[in-house]
Each structure stands twice: as C-alpha cells, then as structure tokens.
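Chains as they are written, first to last, in the working numbering: chain V, 22 to 306; chain P, 27 to 295. Think of the CB as a built atom: it goes at the ideal place given N, C-alpha and C, for glycine as much as any other residue. Everything on this sheet refers to the single structure shown next.
Structure below.
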C-alpha cells in the first residue's frame with residue numbers, strides 16, 4: 022500500500038486536522054476563563070455584604086421591593102439558612118445563609134468555599150473584582166476587533182438564516198447526543214455564543230457600571246435603561262447565573278464532543294474534523 | 027455609610043493584617059478558594075499591584091465625568107422611607123455627648139489647614155448661608171441604596187470664605203464619632219476628597235434630612251454629601267475640615283478610616 026493511500030484512509034477514518042481557532046480567539050478565551058473565575062468568586066464576596074436583591078432605584082427597608090433575600094433566621098430548631106425568592110421562602114441551611122459543620126456554622130449567605138477571600142472581606146472582594154473587570158473588558162475589546170477583522174464574528178457568532186433553518190435538526194442531534202465534528206459551528210453552538218457575546222457580556226458590564234455612582238453621573242441613561250441602580254444590581258446577578266449555566270453546558274459539551282480534540286483546538290488552534298466532513302469545508306480557513 | 031457587617035469584615039482584615047491566619051482557618055471548613063486568601067493581606071505585593079486598577083478607574087471616571095455633571099436627583103414622591111442609618115449611629119465620645127446635650131448650640135465647625143484665613147462657624151451661621159436642597163440616592167459600598175432629601179450649605183461656599191491656598195489638593199473631614207474603640211483609645215472616623223468633588227455643586231455640608239434637622243443616627247449636626255461617590259466617603263458628625271496637600275500623615279495614610287482598612291480611596295465605583 023502506498024503511503025498516499027494510507028494517508029487517505031487515515032484521513033477518512035480519523036478526519037482531517039484543520040486550523041479552527043485563531044490566536045485571538047484562543048488567548049481571549051483563556052483570559053476570560055481566568056477573569057470569570059475571579060469575577061464570580063469575588064462577586065459573591067461582594068454580594069455577601071448585602072445578600073438581598075431589589076427592583077427599583079433604591080432598596081426597600083420600610084417597604085418590600087426585594088426579589089431575593091438570603092440570611093440566617095433564628096427558629097425553634099436553632100439557626101436556619103433561609104432564601105426568599107419572589108416571596109417564597111426556602112430552607113437552604115447547609116448551603117445559603119447557614120453553612121459549614123453544625124459545631125462550627127458560618128452565618129454567610131454564600132458559603133466561604135465560593136468566595137474570594139474565603140473569609141469575609143468586602144474590601145478585598147472589590148479590589149479583585151475591579152481588577153479582573155478591567156481585564157475582562159479589555160479582552161472583550163481585543164476579541165471584538167480581531168473577530169470583526171478575521172471574520173470569526175460573522176462566520177461563527179452571528180447566526181445566519183441558514184442557521185435558523187438548521188436549528189430543529191441541530192436540536193434533534195443534540196437531544197440524541199449525536200455530535201459531528203465540523204469546521205464550522207452548528208446553529209445551537211452559534212446561538213449560545215451569540216447570547217454570551219452579544220447579550221450577556223455587554224449586559225453584565227453595563228449593569229456593573231450602573232452600580233457605580235460616578236458612572237451614573239457620567240452616563241445617566243444607564244439608570245433609565247436598566248430601571249434603577251438596584252434593578253441593575255439584580256440583572257447583574259441574573260446575568261452571572263446565566264453565565265454560570267453557560268459554563269456548565271460549555272464544559273459538558275466539551276466532554277461529550279471529545280475533550281482532547283476540543284482542548285487541542287483551543288490551545289493550538291488545530292481541530293480534527295469528523296471523517297464525514299467534506300474536504301472542501303475542511304480546507305476553508 | 028458603613029455597618030456592622032462592614033465593621034466585622036474590617037476586624038477580620040486587621041487580624042489578617044497582623045499576620046494571624048486564625049480567622050481564615052476557622053472559616054475554611056469548606057476549603058475552596060482559600061488559596062487566594064493571601065489577597066486579603068493589606069501589604070501583599072500581588073494585592074498592591076491589582077489595587078492599582080482603582081487608580082485607572084479614578085482616572086477614567088475623571089476623564090468621562092465633566093467636573094460639574096450632577097448625580098441624578100429624584101422627585102419628592104421617590105422619597106419612600108427614612109434614610110437608613112449605618113456605621114456610627116450614636117457616638118459616645120465625651121465631646122460629642124456634651125455638644126449633643128446642648129442640642130449643638132456650642133458646636134463650631136473648624137475650617138483650617140492650607141487656607142488664607144482659618145475660620146469657624148456655628149450651626150446657626152451655617153444655616154444662614156446660601157443653601158442647597160437635593161433628593162439623591164445614597165449608594166452603600168455593601169450594595170444597597172436609599173433615596174433621601176438633603177439640605178445644607180455648599181462646601182464650595184465655605185471654601186471660598188476661607189480662601190483655599192494653591193498648594194491644597196484635598197479636603198479632609200475629621201469627625202466626632204469613635205467608629206472603633208480599642209485598648210489604645212478611640213479611633214475617630216475621617217475622610218477626604220479631591221477639590222473637584224469638594225467644589226462640586228451637589229457637595230454640601232448637610233444639616234437637614236427629609237425637611238427636618240439632621241438626626242444623630244444620620245450624622246448630626248453636620249455631614250458631607252459627595253453624591254458621585256459611595257456612602258463611606260460621606261463623613262458624618264464632622265468636627266473640622268482641613269485643607270491639605272497630602273493625607274499621608276493622617277490616620278494610617280490612606281485618606282480615610284475605611285481606606286486605611288483596605289477600601290479604595292476613590293469610591294466612584
């Protein structure tokens with residue numbers, strides 16, 4: 022058998038290696054991974070300083086405009102952790118409000134394992150949060166420019182009419198855990214990145230800025246767009262939850278689609294497409 | 027301003043500052059992100075580096091923010107509750123107790139430092155000066171907000187009376203309240219701001235809250251409003267105002283009580 026034939030057979034079985042992720046995509050991906058880790062855990066530290074979320078300009082102390090409250094409540098059975106969401110009370114002892122072992126309970130909303138620092142320190146939480154906030158925004162700016170120029174935005178992020186047409190089939194594939202490895206993103210994949218980059222990232226940045234009294238003076242429209250500083254704080258928290266959900270699905274999909282291949286493509290840029298991929302598609306870069 | 031929660035965190039950080047890991051260890055039963063606890067040490071090199079992001083925030087906000095741009099003002103109908111008291115709510119120093127018993131009749135605001143003519147003002151004199159009333163939103167560093175109506179004399183007016191010298195860069199507010207009582211004695215609250223915020227139209231020395239005299243819990247007889255920054259900048263129970271070129275020699279040198287405990291000097295975010 023000639024080496025050429027062997028190579029062709031190999032390609033048909035294993036699929037071809039294609040250059041899938043540009044250096045800009047890969048670097049900003051890992052910068053964000055680090056930033057979001059620190060932003061999440063320092064953000065939860067900041068949240069613990071006042072673990073209630075409201076709708077409106079201000080926080081109701083003499084009236085109730087809270088949509089979420091976490092805290093410790095003294096009951097006949099001792100201290101219990103309570104979480105109130107839209108008026109519904111849930112006993113979250115062990116997780117939210119009261120956590121840790123019974124002989125050494127911690128009375129914090131979010132348990133210390135999920136905050137930076139692990140002990141209560143709002144000042145440090147803010148230092149960490151704002152540092153990584155700047156890096157996060159800088160990376161988004163770099164990514165946006167690079168992706169606009171190299172076509173990543175148009176090709177992989179913005180959904181086209183064909184993506185919407187292909188959506189039902191793609192949903193059916195996902196439901197059956199049937200993943201094919203293509204050079205290009207499939208409709209659901211595109212849509213989820215679209216939601217993250219075009220909706221969640223700008224939303225979490227702008228609602229974060231709305232919490233800044235300085236920025237509210239510089240850009241007063243922020244308060245009008247989000248319906249007040251406290252609503253903005255609530256949206257900021259909600260966007261965080263959606264990003265955490267995205268992260269979980271993202272990691273599960275990497276595991277299901279082939280962690281070695283996926284990690285290689287996000288580290289080196291090279292991705293092995295499925296054997297069924299047309300060589301034409303694979304060759305395009 | 028500040029609260030019990032904040033005070034607790036402050037005490038924890040001081041313990042860390044003194045090099046004890048007991049506080050961390052006791053809270054680390056769930057041990058997750060404790061490997062980043064070193065960031066809580068106020069003298070840690072990494073922390074000092076990432077803290078500089080706040081200098082960037084200060085510069086960028088000063089660039090974006092016109093010097094005289096106002097914080098949002100609200101309508102009467104948006105005052106739906108009393109101003110939530112926070113931090114010190116009942117100072118126990120002898121000096122303050124005496125003034126309070128006399129209903130602040132003998133109170134005099136001292137204004138000095140880098141000024142041409144140091145002066146002092148009684149509460150009646152302050153009330154007779156041009157006043158400004160504003161309904162604004164108080165944003166606490168903890169995350170909550172509260173809308174209230176504040177009445178007072180613009181700080182710019184006072185600064186013009188005493189004539190600020192060109193070397194002056196900051197206004198320091200010294201306070202009556204012993205926010206912390208230690209074995210070494212009382213720690214009094216203090217704060218500082220730059221002259222841009224000091225001369226801002228909404229920066230007032232408030233003696234009135236929601237159409238009444240400023241209550242003790244909210245800083246009687248006089249507190250400052252710096253509406254484009256967070257609550258901890260807005261010192262209550264002001265005893266004197268000092269114009270300085272640097273605050274390095276005051277307190278622990280960071281420009282305020284909470285700043286000395288790791289909070290950012292610029293609290294526009």
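Straight-line gap, residue i to residue j (C-alpha atoms, nearest Å)
i                      : j                      : result
residue 98 of chain P  : residue 237 of chain V : 7 Å
residue 221 of chain P : residue 155 of chain P : 21 Å
residue 239 of chain P : residue 248 of chain P : 10 Å
residue 186 of chain P : residue 228 of chain P : 16 Å
residue 110 of chain V : residue 97 of chain V  : 17 Å
residue 239 of chain V : residue 232 of chain V : 12 Å
residue 184 of chain V : residue 255 of chain P : 46 Å
residue 95 of chain P  : residue 176 of chain P : 18 Å
residue 232 of chain P : residue 246 of chain P : 9 Å
residue 107 of chain V : residue 88 of chain V  : 5 Å
residue 216 of chain P : residue 265 of chain P : 10 Å
residue 39 of chain P  : residue 70 of chain V  : Only weak support exists for where residue 39 of chain P lies, its pLDDT of 48 falling under 50; the value from the coordinates is given anyway. Distance between the alpha carbons of residue 39 of chain P and residue 70 of chain V: 14 Å.
residue 77 of chain P  : residue 74 of chain V  : 27 Å
residue 78 of chain V  : residue 261 of chain V : 20 Å
residue 137 of chain V : residue 63 of chain P  : 7 Å
residue 162 of chain P : residue 173 of chain P : 6 Å
residue 132 of chain P : residue 119 of chain P : 16 Å
residue 50 of chain P  : residue 134 of chain V : With a pLDDT of 42 at residue 50 of chain P, under the threshold of 50, the modelled position of this residue cannot be trusted, and the question is left open.
residue 212 of chain P : residue 204 of chain P : 5 Å
residue 274 of chain P : residue 80 of chain P  : 18 Å
residue 205 of chain V : residue 242 of chain V : 38 Å
residue 227 of chain V : residue 285 of chain V : 33 Å
residue 56 of chain P  : residue 266 of chain V : A caution first: residue 56 of chain P carries a pLDDT of 43, below 50, which makes its placement in the model too unreliable to give a value.
residue 129 of chain V : residue 129 of chain P : 40 Å
residue 271 of chain P : residue 287 of chain P : 22 Å
Chain-ordered neighbours of residue i on chain V, where CB pairs are closer than 8 Å
i                      : result
residue 165 of chain P : 232, 234, 250
residue 77 of chain P  : 148, 152
residue 280 of chain P : Within chain V, no residue comes near residue 280 of chain P; the closest Cβ sits about 11 Å away, beyond 8 Å.
Contacts that residue i makes with chain P (C-beta to C-beta distance below 8 Å)
i                      : result
residue 81 of chain V  : 106, 107
residue 347 of chain V : The displayed coordinates of chain V run from 22 to 306. Any statement about residue 347 of chain V would go beyond what the structure contains.
residue 254 of chain V : 169
Beta-carbon neighbours of residue i, restricted to chain V and to distances below 7 Å
i                      : result
residue 62 of chain P  : 137, 138
residue 289 of chain P : 144
residue 206 of chain P : Simply none; closest approach about 15 Å.
residue 173 of chain P : 78, 79
residue 294 of chain P : 233, 234, 235
residue 80 of chain P  : 151
Interface residues of chain P facing residue i [CB-CB closer than 9 Å]
i                      : result
residue 128 of chain V : In chain order: nothing, as chain P lies at least about 10 Å away.
residue 100 of chain V : What residue 100 of chain V touches in chain P: nothing, since even the nearest Cβ is about 16 Å away.
residue 84 of chain V  : 106, 107
Unbroken alpha helix (DSSP H) run spanning residue i, endpoints
i                      : result
residue 201 of chain P : Counting along the chain, residue 201 of chain P falls outside any alpha helix (DSSP H), though it belongs to the beta strand (DSSP E) covering 196 to 208.
residue 122 of chain P : 120 to 127
residue 245 of chain V : 242 to 247
residue 194 of chain V : 188 to 196
residue 60 of chain P  : Where residue 60 of chain P is concerned, there is no enclosing alpha helix (DSSP H), given that its DSSP letter is neither H nor E.
residue 76 of chain V  : No alpha helix (DSSP H) contains residue 76 of chain V, which DSSP labels as neither H nor E.
residue 90 of chain P  : 79 to 90
residue 210 of chain V : 208 to 215
residue 238 of chain V : 234 to 239
residue 141 of chain P : Counting along the chain, residue 141 of chain P falls outside any alpha helix (DSSP H), and DSSP gives it neither H nor E.
Beta strand (DSSP E) segment containing residue i, residue limits
i                      : result
residue 285 of chain V : Not the beta strand (DSSP E): residue 285 of chain V falls in the alpha helix (DSSP H), residues 280 to 288.
residue 270 of chain P : 264 to 270
residue 291 of chain V : 291 to 293
residue 153 of chain P : Taken as a continuous stretch (DSSP letters only), residue 153 of chain P belongs to no beta strand (DSSP E), being part of the alpha helix (DSSP H) at 149 to 154.
residue 49 of chain V  : Element bounds for residue 49 of chain V: not the beta strand (DSSP E) but the alpha helix (DSSP H), 44 to 69.
residue 89 of chain V  : 87 to 96
residue 105 of chain V : 99 to 106
Under 7 Å from the C-beta of residue i: neighbouring residues of chain P
i                      : result
residue 241 of chain V : 98
residue 244 of chain V : 98
residue 192 of chain V : Result: empty, since nearest Cβ-Cβ is about 35 Å, beyond 7 Å.
Contact list for residue i against chain V, beta-carbon separation under 9 Å
i                      : result
residue 101 of chain P : By Cβ distance, chain V contributes nothing, its closest Cβ being about 11 Å from residue 101 of chain P, past 9 Å.
residue 176 of chain P : What residue 176 of chain P touches in chain V: nothing, since even the nearest Cβ is about 14 Å away.
Worksheet entry | Touch test, the segment 111 to 121 of chain V against the segment 91 to 99 of chain V, Cβ-Cβ under 8 Å, three pairs minimum | yes
Item to complete: Report yes or no: do the segment 255 to 264 of chain P and the segment 181 to 190 of chain P share at least 3 C-beta pairs separated by less than 8 Å?
Response: no
Discussion item. Across the segment 48 to 60 of chain V and the segment 150 to 157 of chain V, are there enough close Cβ pairs to call them in contact, namely three or more that are closer than 8 Å?
Written reply: yes
Item to complete: Let me know the beta strand (DSSP E) ranges lying completely inside the segment 217 to 258 of chain P, each 3 residues or longer, listed in chain order.
Response: 230 to 235, 249 to 251
Fill in: Every unbroken alpha helix (DSSP H) within the segment 159 to 193 of chain P, with a cutoff of 4 residues, ordered by chain
181 to 188
Worksheet item: Do the segment 180 to 199 of chain V and the segment 157 to 167 of chain V make contact, defined as three or more Cβ pairs closer than 8 Å?
Response: no
Worksheet entry | Entirely enclosed alpha helix (DSSP H) segments - the segment 117 to 172 of chain V, minimum 4 residues | 143 to 171
Discussion item. Tell me whether the segment 172 to 183 of chain V and the segment 129 to 149 of chain V touch, counting them as touching only if at least three CB pairs, one residue from each stretch, are closer than 8 Å.
Written reply: no
Discussion item. Whether or not the segment 105 to 122 of chain P and the segment 138 to 155 of chain P are in contact is what I'm after, with contact meaning three or more pairs of Cβ atoms, one per stretch, closer than 8 Å; do they touch?
Written reply: no
Item to complete: Could you tell me whether the segment 270 to 281 of chain V touches the segment 245 to 258 of chain V, using the rule of 3 or more Cβ pairs below 8 Å?
Response: no
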